[in-house]
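Trainee: In numbering that gives the first Met the number 0, the protein residues as written are 0 to 284. Structure below; questions to follow.
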Amino acid sequence: MIDSTTRLYGLLGNPVSGSRSPWIHNTVFEAYSIPGVYLAFAVPPEALEDALTGLKALQVRGINVTIPYKTAVMPFLDSVDPMAEALGAVNTVVCDAGGWRGYNTDGSGLLAVLKRRLPVLKELRILVLGAGGAARGICGALLHEGTGALGIWNRSPEKAELLVSELGSLAGKGQSFFHVESEAAFQEFDLVINTTSLGMEPDTDASPASVASLKPGAVVCDIVYKPHRTRFLRKAAAAGHPVIYGIEMLIEQALLAQQLWNHLTDLELDRIRNSLIEEFEGFYK
Ligand code: ATR
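Okay, here's the thing in structure tokens:
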């Protein structure tokens, strides 16, 4: 119930219509009787500073930040977690008596999903498709974790090369991080993660790669979650590849934000994760 103790949480981006974040966070508040309400705010660029000033005055409790403001909000924060600093992108802000602190739970969310599903993650050769903001967060988290060899492919090769040079310093000893130039090399990888927008609604017939070019049995993960079953994942599953759906990462980055805001226990997170995934799958039945 919303009453005088209810605190405000929100998503800042442009556009935000169609975001699943309000559904996830308000479901968490309700499930655990947390006095919060989460709203999505579409903020035009010229109003970003006023929006942040207003939210500070209203003592907002937590903020998520999405495209195009993940970097733009950073100068307005009191401190930034070292990983978010290294990535140059913040998607979660904790607002309390200690000030406004920025974090990045995008890459760590996917990493948590992968670690749960693939206990041998550190031994796998991993390929990331795409070199945009999402790829940056994911590569950063994988490099920080010290996973196996990490390759990156992109339609515009110069962006993949730039990412390799910018994040290369995060690679641990003996860990290789390199640009993959052609689809012929895709068969060398055990896990393939699509971070491009290919396959996303409304262009659901698009796919970032041909499944025939992948190693037989390679795990295929897509961070696109609209639609739930992208063409890439449908083709991969039909060819016998294990698949990981984008909704799992979306839910995980949100639960990591909830952990920062409201310190939920692992048991509470497990319960709500499963019920959110079931409910989401229900939307697409
Ligand atoms: P995000 O923050 O979601 O990662 P982004 O920074 O705009 O979004 O990055 C989008 C990614 O999808 C990029 O890797 C982009 O490739 P380019 O760098 O070549 O633009 C990729 N992408 C988008 N549309 C694509 C298409 N039609 N074919 C191949 N790659 C595409």
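Glycine included, each C-beta is placed from N, C-alpha and C at the ideal position.
If we ignore side chains and look at the alpha-carbon of each, how far apart do T91 and L128 end up?
Mentor: 24 Å
Trainee: Are S18 and T65 close, meaning C-beta to C-beta below 9 Å?
Mentor: yes
Trainee: Quick one: what does DSSP say H24 is sitting in, helix, strand or coil?
Mentor: It is helical.
Trainee: Scan the stretch 112-194 and note each continuous beta strand (DSSP E) run of 3 residues or more that stays entirely inside, going in chain order.
Mentor: Correct list: 125-128, 149-152, 176-178 and 190-193.
Trainee: I need the straight-line Cα distance from V242 to R233, nearest angstrom please.
Mentor: 9 Å
Trainee: Please go through the same chain and pick out, in chain order, the residues whose beta-carbon is closer than 8 Å to the beta-carbon of L10, but skip the five residues on each side of it.
Mentor: Around L10: S18, S20, P21, Y37, L38, A39, F40, I62, N63, V64 and T65.
Trainee: Just tell me which of R116, G98, G106 and L47 has its CA closest to the CA of L255.
Mentor: Of the candidates R116, G98, G106 and L47, the residue whose Cα lies closest to the Cα of L255 is G106.
Trainee: For N13, does the three-state DSSP call read helix, strand or coil?
Mentor: Collapsing the DSSP output to three states places N13 in coil.
Trainee: Tell me, please, which residues DSSP counts as bridged to I62.
Mentor: DSSP, once it has assigned bridges, lists G9 and V92 as partnering I62.
Trainee: Strictly closer than 6 Å from CB to any heavy atom of the ligand ATR: give me those residues in the order they appear in the chain.
Mentor: I66, G129, A130, G131, G132, A133, A134, N153, R154, S155, K158, T194, T195, S196 and L197
Trainee: Who are the Cβ neighbours of D204 in its own chain at under 7 Å, not counting the five residues just before and after it?
Mentor: Closer than 7 Å at the Cβ level, and outside the excluded window around D204, lie R230.
Trainee: Among all the DSSP beta bridges, which residues are the ones paired with W99?
Mentor: C94
Trainee: Counting Cβ pairs, one atom from each stretch, are 3 or more of them under 8 Å apart for the stretch 118-135 and the stretch 72-81?
Mentor: no
Trainee: Out of G132, A96 and V191, which has the shortest C-alpha to C-alpha gap to V89?
Mentor: G132
Trainee: Under 6 Å Cβ to Cβ from L109, same chain only, skipping five residues before and after it: list those, please.
Mentor: I137 and M248
Trainee: Within 10 Å of its beta-carbon, does I1 have 16 or more other beta-carbons around it, so buried, or fewer, so exposed?
Mentor: The residue in question, I1, is exposed, as its Cβ has fewer than 16 Cβ neighbours within 10 Å.
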